[in-house]
Every structure is written in structure tokens, then in C-alpha cells.
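Quick mapping for you: the protein sequence lines, in order, are chains P and A. Sequential numbering from 32 applies to the first sequence in this note's numbering. Sequential numbering from 32 applies to the second sequence in this note's numbering. Yeah, the Cβ is synthetic: ideal placement off N, Cα and C, and Gly gets one too. Bear in mind that the values here come from a model prediction, so they are computed numbers and not experimental data. Notes for the one structure printed next.
Protein chains: 2
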Amino acid sequence: MVTDDVIEELRRIVGSDSVLASYEDLYCYSRDASWYSGMPEVVVRPHSTEEVSKVLKLANSLKIPVVPQGGRTNLTGGAIPIRGGIVIDMTGMNRIIEISKINMICIVEAGVVLGVLEKELAKHGLFWPPDPASTDSATIGGILAEGAGGLRGAKYGTTRDWVLGLEVVLPTGDVINTGSATLKWSTGYDLTRLFIRSEGTLGVITKAILKLRPLPEAIVRMTAFFNRLEDVGVAVGKVWEAGVVPLIMELLDRGAIRSVNSYLNLGLPDVEAMVIIDVDGVKGEVEKQASRVEKILMEAGAFDVKTALTKEEMDKLYLARRSAYPSLFRVFKKTAIPDDTCVPISKLPEALRRAKEISDKWGVYTIFIGHIGDGNMHPVFCVDVADPKEVDKALKCYEEICRMVLSLGGTIAAEHGIGIVKSKLIEEECGGKAMEIMKAIKRVFDPNNIMNPDKWV
Amino acid sequence: MVTDDVIEELRRIVGSDSVLASYEDLYCYSRDASWYSGMPEVVVRPHSTEEVSKVLKLANSLKIPVVPQGGRTNLTGGAIPIRGGIVIDMTGMNRIIEISKINMICIVEAGVVLGVLEKELAKHGLFWPPDPASTDSATIGGILAEGAGGLRGAKYGTTRDWVLGLEVVLPTGDVINTGSATLKWSTGYDLTRLFIRSEGTLGVITKAILKLRPLPEAIVRMTAFFNRLEDVGVAVGKVWEAGVVPLIMELLDRGAIRSVNSYLNLGLPDVEAMVIIDVDGVKGEVEKQASRVEKILMEAGAFDVKTALTKEEMDKLYLARRSAYPSLFRVFKKTAIPDDTCVPISKLPEALRRAKEISDKWGVYTIFIGHIGDGNMHPVFCVDVADPKEVDKALKCYEEICRMVLSLGGTIAAEHGIGIVKSKLIEEECGGKAMEIMKAIKRVFDPNNIMNPDKWV
Chain P
32 MVTDDVIEEL RRIVGSDSVL ASYEDLYCYS RDASWYSGMP EVVVRPHSTE
82 EVSKVLKLAN SLKIPVVPQG GRTNLTGGAI PIRGGIVIDM TGMNRIIEIS
132 KINMICIVEA GVVLGVLEKE LAKHGLFWPP DPASTDSATI GGILAEGAGG
182 LRGAKYGTTR DWVLGLEVVL PTGDVINTGS ATLKWSTGYD LTRLFIRSEG
232 TLGVITKAIL KLRPLPEAIV RMTAFFNRLE DVGVAVGKVW EAGVVPLIME
282 LLDRGAIRSV NSYLNLGLPD VEAMVIIDVD GVKGEVEKQA SRVEKILMEA
332 GAFDVKTALT KEEMDKLYLA RRSAYPSLFR VFKKTAIPDD TCVPISKLPE
382 ALRRAKEISD KWGVYTIFIG HIGDGNMHPV FCVDVADPKE VDKALKCYEE
432 ICRMVLSLGG TIAAEHGIGI VKSKLIEEEC GGKAMEIMKA IKRVFDPNNI
482 MNPDKWV
Chain A
32 MVTDDVIEEL RRIVGSDSVL ASYEDLYCYS RDASWYSGMP EVVVRPHSTE
82 EVSKVLKLAN SLKIPVVPQG GRTNLTGGAI PIRGGIVIDM TGMNRIIEIS
132 KINMICIVEA GVVLGVLEKE LAKHGLFWPP DPASTDSATI GGILAEGAGG
182 LRGAKYGTTR DWVLGLEVVL PTGDVINTGS ATLKWSTGYD LTRLFIRSEG
232 TLGVITKAIL KLRPLPEAIV RMTAFFNRLE DVGVAVGKVW EAGVVPLIME
282 LLDRGAIRSV NSYLNLGLPD VEAMVIIDVD GVKGEVEKQA SRVEKILMEA
332 GAFDVKTALT KEEMDKLYLA RRSAYPSLFR VFKKTAIPDD TCVPISKLPE
382 ALRRAKEISD KWGVYTIFIG HIGDGNMHPV FCVDVADPKE VDKALKCYEE
432 ICRMVLSLGG TIAAEHGIGI VKSKLIEEEC GGKAMEIMKA IKRVFDPNNI
482 MNPDKWV
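What follows is the structure, given as C-alpha cells:
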């Protein structure tokens with residue numbers, strides 16, 4: 032329970048201006064980008080690792096729940112304080128401490144917004160490969176806590192592949208540093224990657240050492256158009272089989288195309304499915320790679336492939352993909368519930384076909400988007416969340432798609448994490464014994480169960 | 032204690048032929064590639080996950096130490112059974128279960144030798160990026176348990192970046208599957224990467240799902256020659272600053288060059304330091320990249336840069352690098368004790384200079400090799416292990432270099448793990464609190480402390 036004494040103590044730690052306790056303020060922190068909500072009792076906005084440490088020490092001594100939040104762009108309810116308590120808003124700790132091209136790293140505080148960091152890195156000719164579609168709001172801390180993926184996953188993997196080390200505050204208030212600012216590290220257990228993907232259940236990430244890459248010299252962006260959704264799966268497979276590693280391959284089905292067209296008036300063609308493909312490399316070479324991909328796609332069933340000729344055209348396509356999810360809110364005035372599964376590429380045609388059949392069966396209006404190049408499908412269900420029946424139907428559809436994906440050797444959570452929505456499904460994928468171990472690991476870090484409690488672990 | 036009854040029971044589990052208990056046999060399993068040794072009481076060679084499970088169940092019920100071994104190429108004593116007990120020789124579980132180009136994965140048993148896998152993958156135009164220099168003997172299980180790195184680390188990182196999932200037998204005999212055969216995964220804590228780099232202290236890895244890449248179309252191999260060791264560090268920095276991501280950058284100093292020359296009669300020039308550089312990509316483009324690198328290296332202080340013009344010449348250079356460590360045994364009739372530190376690239380010139388000063392100070396004959404492109408230095412000390420004074424001196428030199436590297440923000444273990452040799456140094460890098468957590472995690476998996484006990488955790 033957060034008493035007046037606790038609030039007083041929190042004010043002493045972070046300063047009065049950085050403690051929020053009015054209903055209006057708390058309400059802002061009760062939501063993430065999912066359809067769940069939960070009110071915190073108090074919000075603190077720390078300015079330093081030391082302040083985070085003091086807040087956690089206090090919370091731990093009184094067994095008050097703590098949920099760290101970043102940009103609150105989470106799509107599964109991971110950042111929702113379902114047991115009240117203290118929300119730690121990390122967005123005030125947003126310093127970019129170091130960018131080093133020679134070391135190919137940057138060191139940042141957890142509250143840095145990825146989009147801001149990307150702009151700074153670009154000035155040095157650098158980028159950080161993970162790129163969740165929420166770049167403009169998501170913070171590094173949140174991205175790490177979720178183990179987020181993004182568009183460039185096909186070529187670059189996900190967050191865990193691009194982090195060298197962390198500073199973390201444990202529930203006891205102890206501060207530890209994991210990993211190292213070096214490109215190789217093998218000193219003990221890999222605690223870095225235990226915090227990545229822990230959804231705030233083990234401690235609060237305060238700083239991160241990120242591994243960078245030089246910006247590619249050139250990118251060619253293409254769009255391929257298909258008459259059947261499952262043909263997209265076939266085409267993705269053909270690209271990989273040809274030994275091409277695309278930078279991105281992004282799916283928009285007819286529903287998604289119509290939605291972004293009405294939201295942004297982009298004038299995309301009204302086809303069953305389109306795929307945006309980027310290949311990157313050096314000038315001269317990348318164009319050759321692009322024509323090779325064009326040929327593969329045409330042979331694999333695309334009825335047309337176009338290359339974006341101008342920067343404007345390229346930007347328009349990227350905007351289309353990034354706007355697919357938010358456009359649903361604007362156009363349909365409904366809430367979008369995105370599923371987030373991943374299958375081996377060879378199973379993509381079947382997974383796409385069956386996911387469509389399942390959503391048709393449940394009568395849920397579903398659009399299909401996804402980072403299809405790495406097998407990551409996002410069927411998005413459009414739901415009136417004020418109608419419990421509609422929500423119930425959508426969640427049943429959601430679960431059936433997850434189970435279908437498991438039967439194909441896939442995973443129920445590719446990059447959005449478990450949060451609330453998948454907490455009852457996780458054991459079906461991981462098994463009882465692995466869940467026991469995860470729970471025991473949670474107790475090692477957080478014996479009083481104060482960190483984002485009563486979620487999936 | 033491994034009694035006759037235990038041996039009898041082990042015979043029932045894996046078959047009589049697969050239990051070794053004679054002194055001669057046990058002796059073979061008492062060493063890895065380090066200078067440590069420790070005799071097991073019995074060796075079992077399981078054929079299946081089920082057999083591994085039964086062996087562990089038995090060992091756990093009787094609290095008998097268990098050490099899994101692969102190719103025994105470990106350089107720090109990680110695979111040495113210092114408390115006797117059972118060695119599980121995994122080399123009999125060496126099936127390549129699946130290679131899938133469309134899914135860019137392979138599924139293998141832990142006992143597969145990497146060199147064998149590489150040959151099979153090449154038939155499909157694929158490769159697995161991690162490439163420890165012990166490729167021809169090291170097994171996938173051992174490589175994963177160590178979190179090994181290798182030559183291609185500059186471009187591709189290390190083992191942890193190229194594993195999607197595992198099958199692991201826990202000390203209780205329970206079998207768990209971690210991760211997934213998909214390119215993205217975010218379902219719970221990242222147990223996969225907790226086993227990677229655990230040195231056999233948490234369980235036995237029996238299968239792995241590895242993420243692959245298409246073989247590059249072309250590689251250009253160059254050698255750059257330097258008059259001063261520390262200039263190599265400067266040159267590596269200039270390459271990164273230019274935004275080039277080299278495939279490999281391998282250092283051999285004068286001592287290493289002389290050693291491989293006398294071992295293999297390669298006729299390499301007798302210079303202070305040489306660096307072998309590979310750049311990879313598509314034909315036509317890669318040559319341009321190579322001339323760019325050549326220019327950078329010459330400007331950065333190399334006095335000559337040569338491009339290997341034939342396949343034979345390329346192979347000779349690779350052989351030189353891979354033979355540097357074994358050649359020391361042959362040429363000097365001494366044992367080579369390799370250090371394995373990594374620093375941020377900007378600190379390389381200072382780290383190289385000071386490491387040389389430290390080994391001069393201790394009067395230890397030291398050669399310098401290393402995957403210098405990622406900041407990974409291997410000062411190798413040539414020691415008569417029969418002379419305790421010489422060993423003591425070398426280990427003091429080893430420790431002083433480790434501490435110097437820590438003072439530069441580096442790590443004491445880049446890719447060889449902790450094993451025995453670094454067990455007293457690990458806390459200086461990770462800190463007491465992180466060590467407490469590692470020990471508690473160890474207890475979660477292995478409450479009876481049977482797995483590779485009394486090492487660093």
C-alpha cells in the first residue's frame with residue numbers, strides 16, 4: 032500500500048515535482064498501447080540511477096509493487112501496473128552518454144527514445160539495428176525489457192543480438208553492471224540477456240551499452256503484389272532459398288492497404304497482398320541484388336514488382352507499413368488487438384492460410400501485417416472493446432491462431448512479449464519445467480515479488 | 032563416490048561398451064587444451080537424450096559430480112573434472128538432424144564437430160558464423176557451453192548471436208526445450224542464452240537449433256605489415272572509423288610469425304606484426320572494399336599491404352593464423368598459456384603496448400596473436416609447466432594483464448570462458464552482487480551442485 036508517508040519519502044528521494052499522485056496524472060500511466068489498463072498508486076520520475084536505487088529499496092522494504100515504464104508502446108499489457116503500487120517513469124533519464132564510431136557502440140540511459148537516438152547515430156553514419164515500428168515513442172529501456180524486434184529482424188535479428196552490457200538496479204536497490212563495452216564477452220552467466228526480455232520482472236534497466244553498425248551506403252526499396260495471401264509465404268521462402276538476406280520484407284494485406292489508404296490517402300493499389308522489400312549494400316551492387324530479388328518474386332507468384340524510384344516514394348511505402356496499426360484506430364474507430372506469432376519460413380504459407388481461415392471462422396475482422404521476412408505474422412483483430420462478446424471472440428481467435436502456430440513449430444510471441452494477454456498461453460510453449468525454472472529465477476532476483484508482479488512469471 | 036554399483040547401473044543405461052573405467056581411458060578424459068588436469072572416476076558415452084537424462088538422474092540422486100565434455104579444446108580448464116565423478120562424453124551424439132536453407136537453420140546434436148558441420152553446410156551454400164580456431168575438433172555443445180567466439184567475431188559477434196534454441200537435460204533428468212526454430216522469439220526469460228556460456232554448470236546441452244547465413248559470394252584476403260605492435264591497434268580503429276565491417280582481422284606478432292614459420296615453413300616475412308584481413312561480399316564490390324581497406328591501413332601506419340592472389344595463398348595465411356597456437360608446442364617444446372582479453376577498439380593501442388611491457392617485466396616469453404578486429408587479444412605465454420616457478424611467473428603476468436585490461440574498460444574473458452584459470456578474477460570484473468546472483472541461479476538449476484562443481488560459480 033502506498034501511504035502518504037511513502038509518497039512523502041518518494042518526494043524526498045526524487046523531488047516533489049517528480050512525484051505524481053493526482054487521479055489525472057495516474058490515469059496517464061494506467062495504459063500502454065494494448066487494450067488493458069491498471070491504475071498505479073503513485074508515479075515517480077527519477078533523474079539518476081541512485082534515485083532509482085533508493086525508490087526500489089523503499090518499495091522492497093514495504094513490499095510495494097513496482098512497474099518500470101518507458102514509452103508505454105507495449106502491445107501485450109507488459110507495462111500495466113495491475114497491482115497498483117509505484118510506476119517508475121524512466122523517460123526522464125534520457126541522456127545519450129556516448130556515441131563511439133571507433134568502438135561501434137553507444138552508451139545510453141534507459142529513457143532515451145529510439146527515434147531520437149537514431150537521429151544522433153545517423154550524424155555519425157551509424158545505426159542500431161533493432162527497429163520496432165514504435166521507434167518514435169519507444170524507449171531503449173522498454174525495447175530491451177521486451178526484447179523487441181522490428182522490420183530489420185530478417186537481416187539483423189532482434190534486440191538481444193545488439194546489446195553488449197547493462198546497468199541494472201535490483202529490487203534490493205543494489206546496482207549491477209552486466210557484460211562489457213567490448214565486442215566479445217564470456218565472463219560468467221549471461222545476465223545481460225536475462226534482463227533483455229524480462230518485462231520489468233527482475234529489476235530496472237537504467238543504462239545500456241548498444242552495439243552499432245555503419246549505415247548502409249544504399250538501399251533499394253521494392254513492392255511486390257500478390258493475388259493470394261499464402262503466396263506471400265511461398266515468395267519469402269524462395270528469397271531465402273536463393274541465399275538472399277533481405278534487410279526488410281513487410282506484409283500488408285488488402286485490409287491493411289485499405290486502412291492506410293483511407294487514413295493517409297496514399298493511393299496504394301487495392302490488391303490482396305503487397306510486400307515491401309528492402310535490400311541494402313553498396314551502390315552499384317545493391318541494384319543488382321534488387322533485380323535478382325525482383326526475378327525471384329515474379330517467379331514465386333507475385334503478379335507485379337515495382338522499384339521505388341525516388342526518396343519520396345520510398346518514404347511513402349515505409350510510412351504505409353508503420354501506419355498500418357495506428358490507422359485502424361482512426362479508420363474503424365475500433366481497437367486493434369495484434370497477434371504476434373512467428374513460424375519457420377517453410378511453414379509461412381500454411382500459417383497464413385490457416386490464420387485467415389481461423390479469423391474467418393470466428394467472424395473477427397482481421398488485417399494481416401507482419402515482418403514476414405523472418406516469419407513474424409501480425410494478424411490484427413479490429414474490436415470494439417466496449418463489447419465484451421466481441422473482445423471474447425477476438426481473444427479466442429487469437430488463442431486458436433497461437434495454438435495453430437505452435438502445432439507448426441512456431442512461437443506464440445515473436446517480439447511483443449507475453450504481458451497479460453499471453454500469460455495463460457506461455458506454458459503451452461515453454462512447458463511446465465521451464466516455467467518452474469523461470470519462476471525460481473524470478474525469486475532469485477526479486478524474493479518479495481515486487482517487480483511487475485502477477486504477470487506471466 | 033562412483034562405486035561398482037554405480038558403474039554397473041551406468042552400463043545398464045548406456046551399454047557396457049559405452050562406459051569407460053580403466054586408468055588409460057580415464058587419463059584421456061583428464062585433460063582439455065589447457066595445462067590443467069583432473070581424473071574422472073568413470074566416463075559414459077551416451078547415444079541419446081534419454082540416456083543422458085538417466086545418467087543425470089542417477090548422479091543427482093547420489094550427488095556424484097558430472098562434467099560434460101565435447102572436443103576438450105577448452106583453453107581455461109572448463110571441461111576438467113576437478114572433483115572426479117562422471118564425465119559425459121557427448122561426442123557419440125553427433126547427428127546432423129536437419130539443414131534447412133529456406134529456414135536458415137540447422138538442428139544438430141551437441142556432439143557434432145563444427146568442422147564436419149561446416150562441410151555439410153557448405154554443400155547447401157550456408158555457414159554458421161562462429162568459428163573458434165579449434166573448428167576441426169570442437170563440438171557444438173562445447174562451443175555453446177563456452178560461448179565461443181572466433182575469427183569472424185568482428186562482423187558476426189559470437190555464439191550467443193547464432194543460436195535459436197536448445198534441448199537441455201537438467202541435473203534432475205528433466206528435459207527442457209528453450210527458444211524456438213523461428214528467427215524471432217520472445218516467450219519468457221531467455222534460458223537459451225543462460226545455457227550458452229554456462230560451462231556445463233547448469234545442465235547438459237543435447238541439441239541445438241543454429242541460425243545460419245548464406246556463404247559470401249567472394250572473399251578478398253589481405254595482409255598488412257607493421258613495424259610496431261601498437262600500430263596494429265591504431266589501424267584497426269581506423270578501419271572501424273571508416274565504417275568498414277571487416278569479416279576477420281587477425282594479428283600475428285613477430286614471435287608468432289617465427290613460430291609458424293619454423294613449424295610449417297610458410298616463409299612469412301619476419302616483421303614486428305602482421306594482420307590478416309578478410310573482407311567479404313559480392314564479386315566486383317568486394318575488390319573495391321578491399322582497396323579501400325588497403326588505403327586505410329597504409330595511412331594508419333602499415334608499411335606494406337598485400338592481397339592474396341590465389342586460393343593457395345589465401346589458405347596459407349589462414350593456416351598460419353590457425354597454427355599459431357599449436358605451433359608453440361611443436362617449436363618451443365613448451366606449453367602455451369593463452370590469455371584472452373578484450374578491450375574497446377579505442378583502447379587497443381594502449382592495451383597492446385602495456386601487455387607487452389607487462390610480459391617483458393615478468394620476463395615471460397610471450398607471443399601476441401588475436402582476433403584483433405574485435406579487440407580480442409591473445410597474449411600467449413610459453414611456459415615449461417614442469418617448472419613451478421615459471422608457471423607462477425606466467426600466471427602473475429596473466430593476471431596483471433587481465434587487471435590492466437579491466438582498468439581500460441575491457442573484459443578478462445572474451446571467448447575462452449572462465450574455467451579454472453580465471454575463477455579468482457571473475458569477481459573483480461562482475462562484482463560481488465552479480466556473483467551472488469550467478470551462484471543463486473546455479474542453485475536453481477542444480478541444487479545438489481553436481482554439474483561441473485567447484486569451478487567459478
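Taking the alpha-carbon positions, what's the residue i to residue j distance?
| i | j | result |
| --- | --- | --- |
| P478 (chain P) | L197 (chain P) | 21 Å |
| K150 (chain P) | I451 (chain P) | 33 Å |
| E431 (chain P) | T237 (chain P) | 38 Å |
| E281 (chain P) | L328 (chain P) | 14 Å |
| T23 (chain A) | K215 (chain P) | Because chain A is modelled from 32 through 488, residue 23 (chain A) falls outside the range shown and cannot be assessed. |
| Y187 (chain A) | L243 (chain P) | 12 Å |
| V324 (chain A) | V270 (chain A) | 7 Å |
| S438 (chain A) | G401 (chain A) | 20 Å |
| E248 (chain A) | C137 (chain A) | 21 Å |
| S61 (chain A) | R103 (chain A) | 10 Å |
Exposed or buried, which one is residue i when buried takes at least 16 other CB atoms within 10 Å?
| i | result |
| --- | --- |
| S377 (chain P) | buried |
| T34 (chain A) | exposed |
| N483 (chain A) | buried |
| C461 (chain P) | buried |
| I472 (chain P) | buried |
| P419 (chain P) | exposed |
| T341 (chain P) | exposed |
| F334 (chain P) | exposed |
| N105 (chain A) | buried |
Quick one: is residue i near chain P, going by C-beta distance under 8 Å?
| i | result |
| --- | --- |
| F256 (chain A) | no |
| P375 (chain A) | yes |
| K464 (chain A) | yes |
| D221 (chain A) | yes |
| W159 (chain A) | no |
Start and end of the beta strand (DSSP E) containing residue i?
| i | result |
| --- | --- |
| K238 (chain A) | 235-242 |
| R62 (chain P) | No beta strand (DSSP E) holds R62 (chain P); DSSP gives it neither H nor E. |
| S131 (chain P) | 127-131 |
| T104 (chain P) | Neither: T104 (chain P) is in no beta strand (DSSP E) and is coded neither H nor E. |
| L283 (chain A) | 279-284 |
| M253 (chain A) | 249-257 |
| V139 (chain P) | 136-140 |
So which of the options has the shortest CA-CA distance to residue i?
| i | options | result |
| --- | --- | --- |
| V147 (chain A) | A:V336, A:M345, A:I171 | A:I171 |
| R289 (chain P) | P:R361, P:K326, P:K215, P:D311 | P:R361 |
| I207 (chain A) | P:I250, P:S354, P:E467, P:L89 | P:E467 |
| A64 (chain P) | P:V83, P:L426, P:G101, P:W216 | P:G101 |
| L260 (chain P) | P:E272, P:L283, P:K347, P:T442 | P:L283 |
| M408 (chain P) | P:I113, P:H155, P:L182, P:R42 | P:L182 |
| Y294 (chain A) | A:A331, A:V251, A:L348, A:P357 | A:P357 |
| K134 (chain A) | A:L195, A:V143, A:S165 | Reading off the sequence, residue 134 (chain A) comes out as Asn, not Lys. Looking at the Cα atoms, A:L195 is the closest of the given residues. |
| V276 (chain A) | P:G312, P:V265, P:G332, P:I111 | P:G312 |
| S229 (chain A) | P:F226, P:K314, P:L222 | P:L222 |
| L426 (chain A) | A:R252, A:M124, A:Y396, A:K464 | A:Y396 |
Within 8 Å (strictly less), CB to CB, does residue i reach chain A?
| i | result |
| --- | --- |
| W393 (chain P) | no |
| N545 (chain P) | The structure shown does not extend to residue 545 (chain P), since chain P is modelled only from 32 through 488, so no value can be given for it. |
| G441 (chain P) | yes |
| E421 (chain P) | no |
| R183 (chain P) | no |
| A64 (chain P) | no |
| N407 (chain P) | yes |
Hey, could you find the ends of the alpha helix (DSSP H) residue i is sitting in?
| i | result |
| --- | --- |
| F360 (chain A) | 342-363 |
| G173 (chain P) | 171-177 |
| R42 (chain A) | 35-45 |
| I468 (chain P) | 463-476 |
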